[in-house]
Structure formats: structure tokens, C-alpha cells
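Under our numbering, the very last position in the sequence shown is 1324; numbers go up by exactly one each time. Below: one structure, written as C-alpha cells.
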Amino acid sequence: MVQLPADEVLIAGEWRRGAGAPIETVDPSDGRVLTTVHAATAAQIEEAAEGGARAAAEPVWRDQLPHHRAALLRRIGDLVEENAAHLAALQTADTGKTLAETGALVHSAAGTFRYMGAAVETAEAEVTPSRGAYVTLNVYEPYGVVGAVTPWNSPIASDAQKIAPALAAGNAVVLKPAEWTPLVSLALGRLITTALAEQGLPAGLLSVLPGPGRVIGDALVRHPRVGKVSFTGGTRTGRAIGHAAAEKVMPVTLELGGKSPTVVFDDADVEQALAGVEYGIFSSSGQACVAGSRLFVARSLYDEFLGELVERTRKLRIGPGTDPATQVAPLVHRRHRDAVAAYVDLARSEGARVLCGGGVPEGPRYEDGAYYLPTVLDGLPNSARTCQEEIFGPVLVALPFDDEDDLVAQANDTVYGLACGLWTRDARRAWRVARRMEAGTVWINTYKQFSIATPFGGMKESGLGRDKGRDAVRAYQRQKALYWGTDDSPLPWAR
Ligand code: NAD
């Protein structure tokens, strides 16, 4: 039995019951209510932001040396690692994902804290070229309070990608996790509270406040103490946050949706491509921002490749995330499953051929869960809604292409620009096409691999700014220029 967190939220270091409506968290493998957590309110956001601002200004934190801050981040990483089994089980219960996936996410979160510790410990400020009787320096300072708003699909990893660099940069953080999946964010909050207490640092540096995005998330974004917001979620929400940020003239990082193309050229290693395409769309049941949801196959290979892909897709093992044999776990929530099903109905009405899947799996094992069959569609033009809109489920739409120009035109004909996969043995072609693709990440002969050292983010309506990499710490700081006069005489103008 997985240990469930108490019905408390974290308000500037204090664990208290949320003053909002109860949120029932549900295990999507069987529809069982796991627990109830009371949502926070806008008044508690106010407390969190004010408390965060006070904590961030305390000299023990404000003046802390980078290697001491790095020690805090390492300690959080260690605590995450020590509690990995519990955190993975909790996230599997809350999101439905397989234990293999949630285990990997937990280890990646631990690595994120350690990496951002190393990044801040080794960060340098710059002396910039001076043209006069002065020395010019760039220094970097925290914003004070950072608002972090995260989605339900990979909570601990997206939480860590925001909290770690924001703390490393010297801020306080108010985290607003998604309503469907607050449990692992609250558990992470407990570990960070422990690490802060051990190191004698202000507890108010962290708040974790679940609740409805349009109320709590919006209150957080608009709060005058919040100097920067880092958001991961859908493009529509990102646009709303961008508008609110513009009113305050506040910087935002937006990691948004995608409709990423994966491309199989006629010279691809077919075995590798089949495995990569399947993993790209059906792992995490397609609930990944980078899901390779549009498949382009060279026309000469199209029928053969699709035939084999469909054959293999029918054999994927569907089951609860706790079963080690499971490849395709339930979706996060019945409501989301129904939205995915509605998209497949739309595809049918647009004239799609449903090559496999296209419904809910049958049998007592699946009855009460939020399962959906891995689905392959084709027969639609790239302009169809099914080929253009993010479905965020195990639904792949396949299209043929004739040559490189045709491919690039179709692949880039989307509002999104998050990721792309290329399968070819021709290195020159891979280079050429990778450079023409409008995508923040291009994987060549692999897919959905991540390194914390590599910046990640989208082009076009997939986002603004980058997470991860050494520069992530700088994204949570504002640059200040210092001019330091070196001349003994007064400025000539005043003479
Ligand atoms: P969502 O946009 O509905 O919600 C994300 C978060 O924003 C939640 O915490 C929600 O409560 C909050 N929110 C909603 N309205 C808000 C508002 N007006 N102001 C402030 N906060 C608000 O997204 P979701 O359904 O939770 O997640 C799925 C989406 O996330 C997909 O589009 C997916 O592509 C995207 N995503 C992107 C990345 C990336 O790195 N680019 C990673 C994971 C998920």
C-alpha cells in the first residue's frame, strides 16, 4: 500500500489544510479514490507570496555563498533518491504511469537538484569590455519570489526543473501543481522542508499550493511579489499566463504543447525506427509534450512500415502501472480518456482509417480504469484537425511523403515546434533536415531521450525560453550592470 500524504498544503513553510474545496485524487487504473486534499485559496497564495518574499530577503539566504546553496540542492537530491521507491509508487497511483516511468522521473528529479547545485557553484559573473575610465561588470540577482505552475503528466520532473534552478538562483518558490496530481508535489515539498530545516534556512522559501488553475494559478501569476513565472502546460493556458505577465511586464518561461513529427526515411534501420516510433507515441500512453504523434514515412516504404507497426501496436501490453509487464498504462483521468476518445471520433468523421485501436480495451481488468487502446490512424491530409491538434493520448496519425521538400513543408506546417525525430542512415541528410525542422529538439535515430545538461523548450506556439542546462539558473535571475569609475578626475562635462 502506498503511503498517502496528509490533507495539508505548504504555505510559506507551514503545513496547513487548504481553505478551498476538496480535491479527490483518483487512481486511474481502477477509479478508486486515493485521498482528498483541500485546495488552497487565493488568500493562501497571498500568504505564500508574502512569506516567500520575507524568506528570500533573510540574510541567511540572501547572502548565502554558492557552495552552501549547492549543498542544499545536493541534500534535496539525496533525499529524493532515498525516497525514490515511495515517490515512484505515489506518482504511479496518482498519474497511472508505469513504475518504470515514474522511477525514471524520480531519479531524473534527484539529478536535476544535484546538477543545478553544481551549476550555481561553478557559475561566473562577467567583466564586460569597457570603453571609458570605468570597469563594467555583470552581476546576477534573484527575482525574489518565483511562481512555478506545472501540469499533471510528469509532476516530479517538471516540479524539479523549476524549483531546483529557482532555489539555486537564490529565490523563494511558490509551486502550483495540477489539480489531478498534487500528491507527489506535496511529498517533494516535505523533503525540501526537511532539507531547509537541517541547514537552518527559512522554511518560507517553499510553498506548494494545489488548486484550480484559473483561480489559484491566476492569483499566483498576478501577485505583485511574484517576479517571474515558469509554466509548463497547454498552449491555451500558456497564452493566458503570457497576457497576465505582459500586464505586469514580468518575464515568463512557457513550456507548452506539441504535435511532433517523427520521420522514417527509405534508408532507415527499420527495426530501430519501429521501436522508436512506438516508444515515441505509446510510452506514457502518449501523454508527453514531445509525443511523436505525427508519423511521416517515405512513400516507397509506407505500406510495409505501417503494416508492421500496426501488427506490433496490437501486441502492446496494456495494464496498470504497477504491473511490471505493462507497456501502455491508463490515462491520467477518465475525463481525459473521454477527451482522447472524442478526438478519435473526430478523426473518423474527418475520414480517417482506424488501423488499430480506436476504443477502450475490453475485460474486467480495464472496466473501472481510464484505459484507451493504442491507436494508429491514416488517410487524412496534414491539414485535418487530427493532424494539427494535440491529442495528448496514445493516438498516432501517419502520412506519406515524397521527398525532402514535401516532408519539411508538411512537418513544419503546424503552429507547434517542440520536437522532431528522424530515422535515416544518411548522416548528411539527417543534418540537412534537422536544420530545416522548426523544433526545439531534434532526435536523430533515437527519440524521447533527455539530459539535464541539454536545454529544452519549444519554438512557435510550443513555448518561450528554455528549461535545463547550465543557463537555467540564469533564467531565474535578473542581470544588473555595474560601472565602476577608475579615473581620479571629475567627469569632463562638469568642468
Ligand atoms: P494545463 O495548461 O491545463 O494546466 C497546466 C497547469 O496550469 C495546471 O497546474 C493548471 O491548474 C494551471 N492553470 C490552468 N489555467 C491557469 C491559469 N489561467 N493561470 C494559471 N495557471 C493555470 O495543462 P495540463 O492539461 O495539466 O497538461 C498537459 C499540457 O501540458 C499539454 O499541452 C502538454 O503538451 C503540456 N506539457 C508541456 C511540456 C513542455 O515541456 N513543453 C511538458 C509537459 C506537458
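Ideal Cβ positions, reconstructed from N, Cα and C, are used throughout, including at glycine.
Residue i CB to nearest heavy atom of the ligand NAD below 6 Å
i	result
GLU1325	As displayed, the chain neither begins before 830 nor continues past 1324, which places residue 1325 out of reach and without an answer.
TRP981	yes
ARG1295	no
ALA1069	yes
THR924	no
THR965	no
ARG1194	no
VAL1050	yes
GLY1269	no
VAL1037	no
THR1061	yes
THR870	no
VAL1058	no
ALA1007	yes
VAL978	yes
ARG1258	no
GLU1218	no
Supposed close pair residue i, residue j - CB separation, criterion 8 Å
i	j	result
LYS1277	SER1112	7 Å
GLY881	LEU1034	7 Å
GLU1179	THR1215	6 Å
ARG1054	GLY973	7 Å
GLU876	ALA850	Actually they are not in contact, since the Cβ atoms of GLU876 and ALA850 sit about 18 Å apart, beyond 8 Å.
ALA1001	MET945	The Cβ separation is near 15 Å, so there is no contact.
According to DSSP, residues forming a beta bridge with residue i
i	result
ASN967	GLU955 and ALA1310
THR1270	ALA1248
ILE840	GLU843
VAL1058	GLY976 and VAL1081
HIS867	PRO851
LEU1293	LEU1083
PHE1125	VAL1092 and LEU1228
VAL1237	Note: VAL1237 sits in no beta bridge, so no partner.
Own chain partners of residue i with C-beta closer than 7 Å, once the 5 adjacent residues on each side are dropped
i	result
LYS1309	VAL968 and GLU970
ILE905	PHE942, LEU1020, ILE1021 and ALA1024
GLY1086	GLY1063, THR1064, CYS1118, GLU1219, TYR1245 and SER1291
GLY1109	THR1091, ALA1120, GLY1121, GLY1250, TYR1276 and LYS1277
Burial state of residue i (16 or more Cβ within 10 Å)
i	result
ARG1182	exposed
THR924	buried
GLN832	exposed
TRP1322	exposed
ARG1261	exposed
HIS1072	exposed
GLY961	exposed
LEU1160	buried
GLY1105	buried
ARG891	exposed
GLU911	exposed
SER1014	buried
LEU928	buried
GLU1100	exposed
Residues near residue i by beta carbon distance below 6 Å, same chain, minus five either side
i	result
PRO895	VAL949 and GLU950
LYS1005	VAL978, LEU1038, ILE1045, GLY1046 and LEU1049
SER987	THR979 and THR1061
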